[in-house]
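Colleague: Right, I'll just put the structure down here and ask away after.
Residue numbers (my numbering), protein chains in the order written: chain Z, 56 to 130; chain D, 226 to 442.
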């Protein structure tokens, strides 16, 4: 999994992504902020969503970190 | 008829949506649809830790920054494990200083290779040939290149191909043989007699004949 390390903790990129999702935003707006290509953001958000750390809003047009996701991002 | 040939599905076709897939890569699990909104060069190589493939990876890495400026991403593929890929790209960086920053699909199950017709059984039943698929920002397959195991590809040509396709997209023109950015482009030929008459009267174009006109962008 690209967002988690072998010990189960989040990678730095995953943490940065979650913190960037404190408020609902379209994913493409994160590219210049995080300096990460869109395909990687989409792939990572899908993984974080499967962990319950991100949820989609506005019919999938925006995504936001869940309280659980933010809790893990701040560890 | 060789039964092996009957077991391989048809090649994908230019102008159709590229076959969707989800695959493990060196950047995590990626879907083709993750690239919507950007162009993608999906390319295969026969095997990690082989010399021709290594030169190709270095050449692709060299054009990667230019491709990104053109809203185009790269993704490689071979029938090797993700651990082999990671080890190989680290070896390339260690030995040559070239950092590979694009994802590489580990297609151990032959899933993507089968969907894209990357296996040429006359060459090898277990390795992909050197295939290149250009997929646009809407997921449509725009061009394909197939090279044999023996012959490394020309990444200048692949870059030129993207430039030509994007020029067509932007200006609705065709590009002549050996076209380079800055060269004149081909104006689509008229499809009616009236249009042909109008074309011949158009002084703004360089005309060889009514069906063959060029212009500068």
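Built from N, CA and C at the ideal position, the CB exists for glycine as well.
Should residue 269 of chain D and residue 355 of chain D be called a contact, given that it needs their Cβ atoms to be closer than 8 Å?
Modeller: In this structure, residue 355 of chain D lies closer than 8 Å to residue 269 of chain D by Cβ.
Colleague: Only counting runs of 3 or more residues, tell me where the beta strand (DSSP E) segments fall wholly within the region 290–372 of chain D, in order along the chain.
Modeller: DSSP runs (the beta strand (DSSP E)) wholly in the region 290–372 of chain D: 297–303, 329–331, 355–360 and 366–372.
Colleague: Cβ of residue 362 of chain D less than 8 Å from any chain Z Cβ?
Modeller: It does not: the Cβ of residue 362 of chain D has no partner Cβ on chain Z nearer than 8 Å.
Colleague: So residue 211 of chain D contacts chain Z; which residues on that side make the cut at Cβ distance below 7 Å?
Modeller: Absent from the model: residue 211 of chain D. The displayed extent of chain D is 226 to 442, so no value can be given.
Colleague: Would you be able to state if there are at least three C-beta pairs under 8 Å between the region 276–287 of chain D and the region 370–380 of chain D?
Modeller: Yes, since at least three Cβ pairs between the region 370–380 of chain D and the region 276–287 of chain D fall closer than 8 Å, the two stretches touch.
Colleague: Determine the extent of the beta strand (DSSP E) in which residue 122 of chain Z is found, giving its start and end residues.
Modeller: Element bounds for residue 122 of chain Z: not the beta strand (DSSP E) but the alpha helix (DSSP H), 122–128.
Colleague: Using the Cα positions of residue 230 of chain D and residue 346 of chain D, report the straight-line distance between them to the nearest angstrom.
Modeller: Note on residue 230 of chain D: pLDDT 48, under 50, position unreliable in the model; the coordinate value appears next. Computed Cα separation, rounded: 7 Å.
Colleague: Out of D:406, D:327, D:313 and D:241, which has the shortest C-alpha to C-alpha gap to residue 267 of chain D?
Modeller: Cα-wise, what sits closest to residue 267 of chain D is D:327.
Colleague: Measure from the alpha carbon of residue 353 of chain D to the alpha carbon of each residue in D:373, D:425 and D:363, then state which is nearest.
Modeller: Ranking the options by Cα distance to residue 353 of chain D, first place goes to D:373.
Colleague: So residue 83 of chain Z contacts chain D; which residues on that side make the cut at Cβ distance below 9 Å?
Modeller: Residues of chain D passing the Cβ test: 262.
Colleague: May I ask which residues mark the beginning and end of the alpha helix (DSSP H) holding residue 392 of chain D?
Modeller: Looking at the DSSP string, the run of the alpha helix (DSSP H) that includes residue 392 of chain D is 380–396.
Colleague: Return no unless some Cβ of chain Z is closer than 8 Å to the Cβ of residue 310 of chain D.
Modeller: Not one chain Z Cβ lies under 8 Å of residue 310 of chain D.
Colleague: Report buried or exposed for residue 331 of chain D, applying the criterion of at least 16 other Cβ atoms within 10 angstroms of its Cβ.
Modeller: By the neighbour-count rule (16 or more Cβ atoms within 10 Å), residue 331 of chain D is buried.
Colleague: Any beta carbon of chain D sitting closer than 8 Å to that of residue 75 of chain Z?
Modeller: For residue 75 of chain Z, the answer is no, since every Cβ of chain D falls outside 8 Å of its Cβ.
Colleague: Residues bridged to residue 399 of chain D by DSSP?
Modeller: Answer is D:411.
Colleague: Apart from the five residues on each side of it in sequence, which residues of its chain come closer than 6 Å, Cβ to Cβ, to residue 227 of chain D?
Modeller: Low local confidence applies: a pLDDT of 47 at residue 227 of chain D is under 50, so the model's placement there is unreliable, with the coordinate-based value given in what follows. Nothing listed; no residue qualifies.
Colleague: Just to make sure I have the definition right: I need the residues of chain D whose C-beta is within less than 9 Å of the C-beta of residue 102 of chain Z. Which are they?
Modeller: Within chain D, the residues near residue 102 of chain Z are 253 and 254.
Colleague: Taking residue 258 of chain D and residue 241 of chain D to be in contact with their CB atoms under 8 Å, please state how far apart those CB atoms are, rounded to whole angstroms.
Modeller: Contact flag wrong, Cβ pair sits at about 15 Å.
Colleague: Quick test of your reading: residue 424 of chain D and residue 415 of chain D, contact by CB under 8 Å. State the CB separation rounded to the nearest angstrom.
Modeller: Confirmed, about 5 Å.
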